[in-house]
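Protein chains: 2
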Amino acid sequence: MNMLEVLESPEHSDFSRMFRERRFLKNNMIFTPEEAGNQIFVVKRGRIRVFLADEDKEFNLAILKEGDAYTTHTRASLQALTDTTILVSEMQTFGRQAADSPYFSLATLTVLGEHLRNTLNIINRLAFKDIKMRLCDFLLQEARDKGEENRAGVVVSTGLSVKQIADFVGSTRQTVSTLLNEMQKDGVLTRLSRGKYVIHELGELENGASSSQRPTMVRRRAD
Amino acid sequence: MNMLEVLESPEHSDFSRMFRERRFLKNNMIFTPEEAGNQIFVVKRGRIRVFLADEDKEFNLAILKEGDAYTTHTRASLQALTDTTILVSEMQTFGRQAADSPYFSLATLTVLGEHLRNTLNIINRLAFKDIKMRLCDFLLQEARDKGEENRAGVVVSTGLSVKQIADFVGSTRQTVSTLLNEMQKDGVLTRLSRGKYVIHELGELENGASSSQRPTMVRRRAD
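Just so you know, the sequences run in chain order P and H. According to my numbering, the stretch in the first sequence is residues 23 to 245, in order. According to my numbering, the stretch in the second sequence is residues 23 to 245, in order.
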């Protein structure tokens, strides 16, 4: 579901009036948890990094792209990865209006539900997998979400530096760089350009991402 | 916000009719991700453990109690910790009705928003903190959420075994047991009974939970 298309359609002009446009230059912060804001926004143009910040570390949660929606009331920080334009509304204003519109209630529920699913995927990765498994899992998810098949395999354009990928899997630039080189040597993938990889063997990534190399146990539960 | 009170009030009988009662005995599974269900439920009685399951490990996400709401469409598993009664509805049916009711749309948004906040807290813990910090952070949050002050300090009734606490912080029973014993020896807390602790020094937990022992740096950002 793309909220941008909805906001730009004439029949929802009541809603679009509640949103104002804001622009951010590449690398500028859009929101930090120190701000007490409670806003909902839709990305009109550009890409936004959603991350948790510790005193001297960062952990990436998601990259928002055109059409994605997000709310600012969490502990996550938001940074423009490219020159970015967002449409933003106060959550309170939006909530009052959305309550009267089945469409927007469900849209907002869907957005929150997707973010919840994403965070559970991340917890799964952090709780059960070592760095190499997490990297395989991350690349696999990127390939499934936005990979494009060609003769050599599946092309994934992450648009991310190695450091930024490291901040997705909770590791350092050096470690992730070493792992990517190993995977290239093993014929799993080839680096095409910054952040762009062709994955030759999705199956290898699947094996690498699964939390155990042992044969899968059949789990039984009491009925 | 307690959705149970709402469901039990006469003015929302339209809604309560969409929910049916289901009972589970202690330790029984209420939902596993292998089931394709997409339901929303409210806890009427009992306590439910929400967790991620790997082949041979588990990671606890939350304990639901009376009045809490949850949806089953994620990868999380649900287990009755005590004899439990839930009121359950198909999400689709609920969504159609809720779309017409400002109250239920907002209630559902609030529930999802709270779960999202909880998962971000967990990611923060996993990404930035070692086991001891996570344990301090976990106890601190329990104390803040449901601690009761008495002369000796703040009494926290987690209702959890040491193994279950370990599954909240991503560690083993042995490690968490050792850490709790150390904290007792250091006078930070005293174990009263299974899962029940009195915390003498909340400040010690705060120090232990912060990700750095160094003085907090003042972070500056370009405006």
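Even glycine gets a Cβ: it sits at the ideal position worked out from N, Cα and C. Please read these numbers as outputs of a predicted model, since none were measured by experiment.
Taking 8 Å as the CB-CB limit, is P/Asn-146 close to chain B? Absent here is chain B; the protein component of the structure consists of chains P and H.
Tell me which same chain residues have a C-beta within less than 6 Å of the C-beta of H/His-95, skipping the five on either side of it? Reading the second sequence from its first residue, position 73 is the one you call residue 95 of chain H. Excluding sequence neighbours, H/His-95 sits near Asn-60.
I'd like to know whether the C-beta of P/Arg-97 is nearer than 8 Å to at least one C-beta of chain H. The residue given as residue 97 of chain P occupies position 75 in the first sequence. At least one chain H Cβ lies under 8 Å of P/Arg-97.
Taking 7 Å as the limit between beta carbons, can you name the residues of its chain near H/Ala-231, skipping five residues before and five after? The count along the second sequence starts at 1 and reaches residue 231 of chain H at position 209. Correct list, in chain order: Met-155, Cys-158, Asp-159 and Leu-162.
Going by DSSP in three states, H/Leu-232 sits in which element: helix, strand or coil? Against the second sequence, residue 232 of chain H aligns to sequence position 210. Just to set this straight, residue 232 of chain H is Ser in the shown sequence, not Leu. Looking at H/Ser-232 - three-state DSSP - the assignment turns out to be coil, as it is neither helix nor strand.
Please confirm if H/Thr-141 has its CB atom under 8 Å from at least one CB of chain P. Counting from one through the second sequence, the residue named residue 141 of chain H turns up at place 119. Taking Cβ atoms only, chain P reaches closer than 8 Å to H/Thr-141, which makes this a yes.
Please name the residue, chosen from P/Met-51, P/Val-198, P/Ser-183 and P/Val-65, that lies closest to P/Ser-215 on a Cα-to-Cα basis. As a working mapping, residue 215 of chain P is identified with position 193 in the first sequence. Taking only the C-alpha atoms, the option nearest P/Ser-215 is P/Ser-183.
Check the DSSP bridge columns for P/Asn-172 and list the partner residues they point to. Translated into the one-based positions of the first sequence, residue 172 of chain P becomes position 150. For P/Asn-172, which the question treats as bridged, DSSP gives the partners P/Gly-175.
Span separating the alpha-carbon of P/Met-239 from that of H/Gln-119: Reading the first sequence from its first residue, position 217 is the one you call residue 239 of chain P. Reading the second sequence from its first residue, position 97 is the one you call residue 119 of chain H. With a pLDDT of 40 at P/Met-239, under the threshold of 50, the modelled position of that residue is not reliable, and the figure given next carries that caveat. Cα to Cα, the separation comes out at about 42 Å.
So, at 7 Å on beta carbons, what are the nonlocal neighbours of P/His-34 in its own chain, with the 5 sequence-adjacent residues on each side left out? Within the first sequence, the letter at position 12 stands for residue 34 of chain P. For P/His-34, where only same-chain residues beyond five positions count, the Cβ hits under 7 Å are Val-28.
H/Ala-91 and H/Val-133 closer than 8 Å at C-beta: In the second sequence, the residue the question calls residue 91 of chain H occupies position 69. In the second sequence, the residue the question calls residue 133 of chain H occupies position 111. Cβ atoms of H/Ala-91 and H/Val-133: closer than 8 Å.
Would you please state the rounded distance, in angstroms, between the beta carbons of H/Val-178 and H/Gly-192? I believe it to be under 8 Å. What you label residue 178 of chain H is simply residue 156 of the second sequence in a count that begins at 1. What you label residue 192 of chain H is simply residue 170 of the second sequence in a count that begins at 1. Not a contact, Cβ separation roughly 20 Å.
Hey, P/Gln-196 and P/Asn-82: beta-carbon distance below 8 Å or not? To locate residue 196 of chain P, count along the first sequence from 1; it is residue 174. To locate residue 82 of chain P, count along the first sequence from 1; it is residue 60. Not in contact: P/Gln-196 and P/Asn-82 (Cβ atoms no closer than 8 Å).
Report yes if the C-beta distance between P/Ser-111 and P/Ile-153 is below 8 Å; otherwise report no. Indexing the first sequence from 1 puts residue 111 of chain P at position 89. Indexing the first sequence from 1 puts residue 153 of chain P at position 131. Not closer than 8 Å, so no.
Sheet register partners of P/Ile-70 (DSSP bridge): Indexing the first sequence from 1 puts residue 70 of chain P at position 48. Beta-bridge pairing links P/Ile-70 to P/Leu-86 and P/Ala-102.
Can you confirm whether P/Asp-167, when its beta carbon is compared against all beta carbons of chain H, has any partner nearer than 8 Å? In the first sequence, counting from the first residue as 1, residue 167 of chain P sits at position 145. It does not; no Cβ of chain H falls within 8 Å.
Counting along the chain, where does the alpha helix (DSSP H) carrying H/Phe-53 start and finish? Taking the second sequence and counting its residues from 1, one reaches residue 53 of chain H at position 31. Segment 51-53 is the beta strand (DSSP E) holding H/Phe-53; no alpha helix (DSSP H) there.
Please look up how many angstroms separate the CB atoms of P/Phe-41 and P/Leu-109, rounded, as I've assumed it's under 8 Å. Counting from one through the first sequence, the residue named residue 41 of chain P turns up at place 19. Counting from one through the first sequence, the residue named residue 109 of chain P turns up at place 87. Sure, about 4 Å apart at Cβ, within 8 Å.
Bridge partners of H/Phe-81, per DSSP? Within the second sequence, residue 81 of chain H is the residue found at index 59, counting from 1. Note: H/Phe-81 sits in a beta bridge opposite H/Leu-74.
Among the residues of its own chain, which have a CB less than 6 Å from the CB of H/Tyr-219, if the five just before and after it don't count? Along the second sequence, read from residue 1 onward, the residue named residue 219 of chain H stands at position 197. Answer for H/Tyr-219: Val-178, Leu-211 and Arg-213, listed in chain order.
Using the Cα positions of H/Glu-80 and P/Arg-44, report the straight-line distance between them to the nearest angstrom. Here residue 80 of chain H refers to the residue found at position 58 when the second sequence is read from its first residue. Here residue 44 of chain P refers to the residue found at position 22 when the first sequence is read from its first residue. Whole-angstrom Cα-Cα distance: 43 Å.
In terms of residue numbering, what span does the beta strand (DSSP E) encompassing P/Glu-43 cover? For the purposes of this step, residue 43 of chain P is identified with residue 21 of the first sequence, where counting begins at 1. Start and end: 42-46.
Among P/Phe-150, P/Pro-32 and P/Leu-227, which one has its Cα closest to the Cα of P/Glu-204? One-based indexing of the first sequence puts residue 204 of chain P at position 182. Of the listed residues, the one whose Cα sits closest to P/Glu-204 is P/Leu-227.
Tell me whether the beta-carbon of P/Leu-20 lies closer than 8 Å to the beta-carbon of H/Ala-149. In the structure displayed, chain P extends from 23 to 245; residue 20 of chain P sits before or after that span and is not available.
P/Leu-26: which of P/Ile-144, P/Lys-66 and P/His-222 sits nearest, CA to CA? Looking up residue 26 of chain P in the first sequence gives position 4. If we check each option's Cα against that of P/Leu-26, P/Lys-66 comes out closest.
Name, going along the chain, the residues of the stretch 148-178 of chain H whose beta-carbon falls closer than 9 Å to a beta-carbon of chain P. Flagged, chain order: Leu-148, Ala-149, Phe-150 and Lys-151.
H/Lys-48: contacting residues in chain P (beta-carbon distance under 8 Å): For the purposes of this step, residue 48 of chain H is taken as residue 26 along the second sequence, with counting starting at 1. Neighbours of H/Lys-48 in chain P, taken as residues at a C-beta separation under 8 Å, are lacking, since the least C-beta distance is about 12 Å.
What do you get for H/Leu-47, buried or exposed, if any count of 16 or more other CB atoms within 10 angstroms of its CB means buried? Taking the second sequence and counting its residues from 1, the one referred to as residue 47 of chain H is at position 25. Answer is exposed; the Cβ neighbour count stays below 16.
CB-CB under 7 Å to H/Arg-97, same chain, minus the five flanking residues each way: which ones, in chain order? Residue 97 of chain H sits at position 75 when you count from the first residue of the second sequence. Result list for H/Arg-97: Pro-55 and Leu-74, in chain order.
At 3 residues or longer, what runs of the beta strand (DSSP E) sit wholly inside the stretch 184-236 of chain H? 211-215 and 218-221
Spell out whether any CB of chain H is found under 8 Å from the CB atom of P/Asp-137. By one-based count along the first sequence, residue 137 of chain P stands at place 115. Note that residue 137 of chain P is His in the sequence shown, not Asp. The Cβ of P/His-137 sits closer than 8 Å to at least one Cβ of chain H.
Just the chain P side, please: which residues come within less than 8 Å of H/Thr-212 by C-beta, in chain order? On the second sequence, position 190 is the one that residue 212 of chain H refers to. What H/Thr-212 touches in chain P: nothing, since even the nearest Cβ is about 30 Å away.
Could you compute how far the alpha carbon of H/Met-51 sits from the alpha carbon of P/Asn-49? Counted from its first residue, the second sequence places residue 51 of chain H at position 29. Counted from its first residue, the first sequence places residue 49 of chain P at position 27. Going by the C-alpha atoms only, they are around 46 Å apart.
Do H/Ala-165 and H/Ile-85 have their beta-carbon atoms positioned less than 8 Å apart in this structure? Taking the second sequence and counting its residues from 1, the one referred to as residue 85 of chain H is at position 63. Taking the second sequence and counting its residues from 1, the one referred to as residue 165 of chain H is at position 143. Contact flag unset, no.
Taking any Cβ of chain P, which residues in the stretch 59-78 of chain H have a Cβ under 9 Å from it, in chain order? For the stretch 59-78 of chain H, which is checked against every Cβ of chain P, the residues closer than 9 Å are Leu-74, Ala-75, Asp-76, Glu-77 and Asp-78.
How would you list, in chain order, the residues of chain H whose beta-carbon sits under 7 Å from the beta-carbon of P/Gly-192? Within the first sequence, the letter at position 170 stands for residue 192 of chain P. Ala-149, listed in chain order.
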